[in-house]
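A.B. asks:
Residue numbers (this note's numbering): 1169 to 1427.
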């Protein structure tokens, strides 16, 4: 982009050519099956995230390497071990240039240039009701960290033993977090409880954990949507990515307001 603007300023290209080049600069084509949005991070404060589910692993690898080469890193959600194998195969000749971090619980992969560090934007809190909710909570954590957040977490503090919530919630709030992600399955009551106790935005994440009718996350989702605790926003079932990115935007805005 800087080079295009320099060419325009020096008179080497006219305004029409500069506009054309800038439009092309925003999207990079990967073979004949993908177009990566290379400027999304600058435009929205959130990087492009590659959704691996139902994609061919070789295609996932091509997109990830192209993005990491262009933007220093690539984040992949709903990833599988076979995706890691394909990425390693593609990076075989560049193994010293890139690092690969596969988180099997969160089902995420981060491919980044060796030594690259995510720019810090602020702090968020992350709470999971039960152990079964941890995979979605970890997805949110990885995504938020890739967006620059420091994540302070507490797991297995659901309302079946409400006394477990007090100490970790107090510790998180004392860290002056910009937002709280609360992940819960079953009846999904924990986000409403937390929202009634804190003065920061709460993002509720219903998970597909539970028994019988509504046990695939529907009961938790409806419970959160019907919450009478103000200040609670809700993402879709098992959507750790959506929660992580929204919390990151809250953290980014808080940092911008600091003197």
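We put the beta carbon where it would ideally sit given N, CA and C, even for glycine.
What residues in its chain sit with their C-beta under 8 Å from that of residue 1268, if we drop five residues either side in the sequence?
C.D. replies: These residues qualify, in order along the chain: 1252, 1255, 1256, 1259, 1277, 1278 and 1279.
A.B. asks: Could you have a look at residue 1201 and say whether DSSP puts it in helix, strand or coil?
C.D. replies: Here residue 1201 scores only 49 on pLDDT, less than 50, and its place in the model is too uncertain to base an answer on.
A.B. asks: Counting only the same chain and skipping the five closest in sequence on each side, list residues whose C-beta sits under 6 Å from that of residue 1414.
C.D. replies: Cβ within range, chain order: 1371.
A.B. asks: Measuring CB atoms only, is the stretch 1339–1351 touching the stretch 1309–1322, in the sense that at least three cross pairs come out at less than 8 Å?
C.D. replies: Judged by Cβ distances under 8 Å, the stretch 1339–1351 makes contact with the stretch 1309–1322, as three or more pairs qualify.
A.B. asks: CB-CB under 6 Å to residue 1343, same chain, minus the five flanking residues each way: which ones, in chain order?
C.D. replies: These residues qualify, in order along the chain: 1291 and 1320.
A.B. asks: Within 10 angstroms of its Cβ, does residue 1396 collect 16 or more other Cβ (buried), or is it exposed?
C.D. replies: Exposed: under 16 other Cβ atoms inside 10 Å.
A.B. asks: Return the CA-CA distance between residue 1346 and residue 1418, expressed in angstroms with no decimal places.
C.D. replies: The straight-line gap from Cα to Cα measures roughly 6 Å.
A.B. asks: In the DSSP output, what is residue 1279 paired with across the bridge?
C.D. replies: Answer is 1242 and 1268, bridged to residue 1279.
A.B. asks: Are the stretch 1372–1386 and the stretch 1399–1408 touching, with three or more C-beta to C-beta distances below 8 Å?
C.D. replies: Contact between the stretch 1372–1386 and the stretch 1399–1408 is present, because at least three Cβ pairs lie under 8 Å.
A.B. asks: Just to confirm the assignment: which complete alpha helix (DSSP H) runs, minimum length 4, are found wholly within the stretch 1373–1423?
C.D. replies: Taking only runs of at least 4 residues, the alpha helix (DSSP H) segments lying wholly in the stretch 1373–1423 are 1386–1393.
A.B. asks: Enumerate in chain order the residues of its own chain whose CB-to-CB distance from residue 1360 is below 6 Å, with the five nearest sequence positions on each side excluded.
C.D. replies: The answer, listed in chain order, is 1395 and 1397.
A.B. asks: Determine the burial state of residue 1299: buried for a count of at least 16 other Cβ atoms within 10 Å of its Cβ, exposed for fewer.
C.D. replies: Label assigned to residue 1299: exposed.
A.B. asks: Using a Cβ-Cβ cut-off of 7 Å (strictly less than) and excluding sequence neighbours within five positions of residue 1369, which residues of its own chain qualify?
C.D. replies: Closer than 7 Å at the Cβ level, and outside the excluded window around residue 1369, lie 1347, 1399, 1401 and 1418.
A.B. asks: Excluding the five sequence neighbours on either side, which residues of its own chain have a C-beta within less than 6 Å of the C-beta of residue 1275, listed in chain order?
C.D. replies: So the list reads 1246 and 1247, once near-sequence residues are dropped.
A.B. asks: Excluding five sequence neighbours on each side, which residues of the same chain lie with their C-beta closer than 7 Å to the C-beta of residue 1220?
C.D. replies: Cβ neighbours of residue 1220 beyond the five flanking positions: 1228, 1244, 1245, 1246, 1247, 1248 and 1251.
A.B. asks: Within its chain, find whatever has a CB closer than 7 Å to the CB of residue 1301; leave out the 5 residues flanking it on each side and keep chain order.
C.D. replies: The residues are 1351, 1352, 1353, 1375 and 1377.
A.B. asks: Hey, how far is the Cα of residue 1215 from the Cα of residue 1380?
C.D. replies: Their backbone Cα atoms lie some 37 Å apart in a straight line.
A.B. asks: In this structure, what does DSSP give as the bridge partners for residue 1321?
C.D. replies: Answer is 1294, bridged to residue 1321.
A.B. asks: Give me the Cβ distance between residue 1431 and residue 1389, rounded to the nearest whole Å; I'm assuming they're in contact under 8 Å.
C.D. replies: Given a span of 1169 to 1427 for the chain in the structure shown, any question on residue 1431 remains unanswerable.
A.B. asks: Expressed to the nearest angstrom, what Euclidean distance is found between the alpha-carbon atoms of residue 1282 and residue 1293?
C.D. replies: Cα to Cα, residue 1282 sits roughly 28 Å from residue 1293.
A.B. asks: I'd like the span of the alpha helix (DSSP H) that includes residue 1433, first residue to last.
C.D. replies: This structure cannot speak to residue 1433, because the chain is shown only from 1169 to 1427.
A.B. asks: Per DSSP, what kind of secondary structure is residue 1214 in: helix, strand or coil?
C.D. replies: The answer is coil: DSSP assigns residue 1214 none of H, G, I, E or B.
A.B. asks: Drop a sphere of 10 angstroms on the beta-carbon of residue 1174, count the other beta-carbons inside from all chains shown, and report buried for 16 or more, exposed for fewer.
C.D. replies: Looking at its Cβ environment, which holds fewer than 16 other Cβ atoms inside 10 Å, residue 1174 is exposed.
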